[in-house]
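Just below is one structure, and these are the notes that go with it.
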Amino acid sequence: MSANKQVIGSIYNTEKMFLRIGEHLVTKHFKKSSDYLKRFDLERRSLLRLKQLDHVPDLVRVVEWDTTLHLSRLPGVSATSLTAENLIDLEKIVEQMLIAGVARHSMPIRDVLVDERGEVSLVDFERSTLRSFRWSPIWLIATKVTRYHFLKLVEHHQPQMLTADQCEQLRKAVAIRRYFLVFRKLRDFIRRR
Ligand SMILES: Nc1ncnc2c1ncn2[C@@H]1O[C@H](COP(=O)(O)OP(=O)(O)O)[C@@H](O)[C@H]1O
Ligand SMILES: [Mg+2]
């Protein structure tokens, strides 16, 4: 977590967000900053799709005019390490999330909560892709991105859990990312000339 991203007591305040963590409720206010309306809308719509799921926040109230969401508070605090059991539980949440039609663009460990009994939850859905139809190419790519980020967490915390096939998937994904990076640098270079 960077220096300007601290959960101080029950308040989390950044240039983009004001979050109050109460005993039972969390209030997430999207400050006027880049894409804030889009992020607010995506988190709201994602949580509506996920309303049957356990281990993600319930959407309790939406205050549109103030771009504020009232969410149920989940148990635990942001994880700093993940056990094999945590990762097995997290994978179930991720797969259920994909079945519900929500794919995350990233999965930072601070969005994974673990409580003292080892119960795992997932928060923060403002950067996600929602499935429009089953075979949408964008949706299929987004599901790969989500699973890639999950595998990166496994690789970082419990690498022995990765199967040979998953190691290969990670290797291929890194090669594709490198290719896009070179492509982008080349494009920027040509544009500058
Ligand atoms: N529903 C919730 N229950 C408990 N803690 C939460 C909840 N939502 C967020 N948090 C805590 O607040 C932190 C910041 O919230 P998050 O939605 O991730 O904001 P940001 O979009 O700025 O990353 C999370 O990493 C988590 O520790
Ligand atoms: Mg977050």
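Sequential numbering of the sequence shown, starting at 42, is according to our numbering. All residues carry an ideal CB built from backbone N, CA and C; glycine is no exception.
Shown here for Lys57: same chain residues with a beta carbon closer than 6 Å to its own, the five before and five after excluded, namely Lys72 and Ser74 in chain order.
Contact annotation: His96 and Leu163 have beta-carbon atoms nearer than 8 Å. With respect to the C-alpha of His111, the residue from Lys133, Leu66 and Phe81 having the closest C-alpha is Leu66. When distances are taken from the beta-carbon of Val118 to the heavy atoms of ligand 1, the shortest one is below 7 Å. Around the beta carbon of Glu209, fewer than 16 other beta carbons lie within 10 angstroms, which makes this residue exposed. Counting only residues of its own chain and dropping the five nearest sequence neighbours on each side, Glu167 has a CB closer than 6 Å to the CB of Arg80, Leu83 and Glu84.
Within the same chain, Cβ atoms closer than 6 Å to the Cβ of Leu60 are found at Tyr53 and Lys69, the five residues on either side in sequence being excluded.
The alpha helix (DSSP H) runs of length 4 or more contained entirely in the stretch 52-112 are, from start to end of the chain, 77-90.
Between Ser173 and Arg145, the C-beta gap is not smaller than 8 Å, which leaves the two residues out of contact. Taking 7 Å as the cut-off, the C-beta of Arg151 counts as close to a heavy atom of ligand 2. Gln201 and Asp130 have their C-alpha atoms spaced approximately 17 Å apart. The C-alpha of Val215 is placed about 12 Å away from the C-alpha of Leu192.
Looking at the DSSP output, Leu171 shares a beta bridge with Val143. Rounded to the nearest whole angstrom, the CA to CA distance from Arg158 to Gln137 is 22 Å.
Judged by DSSP in its simplified three-state form, Val195 adopts helix.
Within the model, the alpha-carbon separation for Arg175 versus Arg228 is close to 32 Å. CA-CA distance, Ala120 to Ser87, rounds to 22 Å. By the neighbour-count criterion, in which 16 or more other beta carbons inside 10 Å mark a residue as buried, Gly63 falls on the exposed side.
Between Leu194 and Ile140 the beta-carbon gap is near 20 Å, outside 8 Å, which marks them as no contact.
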